[in-house]
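Under the working numbering, think of the first position of the sequence shown as -19, with each following residue one higher. For glycine and all other residues, C-beta sits at the position ideal for the given N, C-alpha and C. Below: one structure, written as structure tokens.
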Amino acid sequence: VMRDMFLHPDWLKFDSGQLTELQAIRFFARKTRREEDDIRRLMEIYRDSLIPIQESVDLFHELKESGLRLFCASNIHQSVFTDLARRHSFLRDFDGVVTSGRIGILKPAPEFYEHLLDAHALKADETAFVDDRSDNVDGAVHAGLHGIIFTNVSDCRRKLAVLIGEQ
């Protein structure tokens, strides 16, 4: 089921908003030959598994308190992000949010970064993009943003300090 659902390219149809959650449940039930209730429960388990890492949340608050504007740019269905934001208050503290599910474009497509910049009046050369996937960071760099591959909080903090000119 993991291979045929979460790791399958069709999952990107859900992340990009091409499928509603109900459509995704029905689609993956047929695809995996499972009951819709089973797939619905898997979707709940998926949501429950998206748990913030406290050290990363602490870095978020540290950066926010320093006066930086922070934006969330995620490949995630809008309904999942909305649910996560209800559960985790820091997600409501971003200065703006762009999700693939809302705009219908997945990272690392250039249009994703263009939308992020345009929607929030950001200048690419003054914007740092942090992501744990190198393909997403490469996409941001190609769009003119500064890119940082997230490996851990200490490394990210150091790279941001260098970029900002504090080191």
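Count the other CB atoms, across all protein chains shown, that sit within 10 Å of the CB of residue 131; report buried if there are 16 or more and exposed otherwise.
One-based indexing of the sequence shown puts residue 131 at position 151. Under this definition residue 131 is an exposed residue.
Measure the alpha-carbon distance for residue 24 versus residue -11 and round it to whole angstroms.
Working through the sequence shown from its first residue, we reach residue 24 at position 44. Working through the sequence shown from its first residue, we reach residue -11 at position 9. When rounded, the distance between both Cα atoms is 20 Å.
In the DSSP assignment, the beta strand (DSSP E) including residue 54 goes from what residue to what residue?
Position 74 of the sequence shown, counted from the start, is the residue given in the question as residue 54. First-last of the beta strand (DSSP E) with residue 54: 51 to 54.
Can you check which of these residues, 95, 124, 119, 97, is closest to residue 105 by C-alpha distance?
What you label residue 105 is simply residue 125 of the sequence shown in a count that begins at 1. Of the candidates 95, 124, 119, 97, the one whose C-alpha sits nearest the C-alpha of residue 105 is 124.
Residue 84, enclosing alpha helix (DSSP H) - first and last residue
To locate residue 84, count along the sequence shown from 1; it is residue 104. Per DSSP, residue 84 belongs to no alpha helix (DSSP H) and is neither H nor E.
Rounded to whole angstroms, how far is the Cβ of residue -5 from the Cβ of residue 55, which I believe are closer than 8 Å?
Within the sequence shown, numbered from 1, the residue matching residue -5 stands at position 15. Within the sequence shown, numbered from 1, the residue matching residue 55 stands at position 75. Rounded, the Cβ-Cβ distance is 5 Å, consistent with contact.
Go through its chain and collect everything with a Cβ distance to residue 179's Cβ below 8 Å, but skip five positions before and after it.
With the chain running from -19 to 147 in the structure shown, residue 179 is simply not present.
Okay, do the stretch 107 to 122 and the stretch 84 to 96 touch, 3+ Cβ pairs below 8 Å being the bar?
yes
If the criterion is Cβ atoms closer than 8 Å, does the pair residue 60 and residue 14 meet it?
For the purposes of this step, residue 60 is identified with residue 80 of the sequence shown, where counting begins at 1. For the purposes of this step, residue 14 is identified with residue 34 of the sequence shown, where counting begins at 1. Contact: no.
Would you check if there are 3 or more beta carbon pairs closer than 8 Å linking the stretch 29 to 38 to the stretch 63 to 76?
yes
Can you tell me which of 144, 143, 137, 142 puts its alpha carbon nearest to the alpha carbon of residue 35?
Position 55 of the sequence shown, counted from the start, is the residue given in the question as residue 35. Nearest of 144, 143, 137, 142 to residue 35, Cα basis: 137.
Please report how far the alpha carbon of residue 53 lies from the alpha carbon of residue 79, in whole angstroms.
By 1-based counting over the sequence shown, the position of residue 53 is 73. By 1-based counting over the sequence shown, the position of residue 79 is 99. Each residue's alpha carbon lies about 6 Å from the other.
Can you give the Cα-Cα distance for residue 70 and residue 38, rounded to whole angstroms?
Start at 1 with the first residue of the sequence shown, and residue 70 comes out as number 90. Start at 1 with the first residue of the sequence shown, and residue 38 comes out as number 58. Residue 70 and residue 38: Cα-Cα distance of roughly 10 Å.
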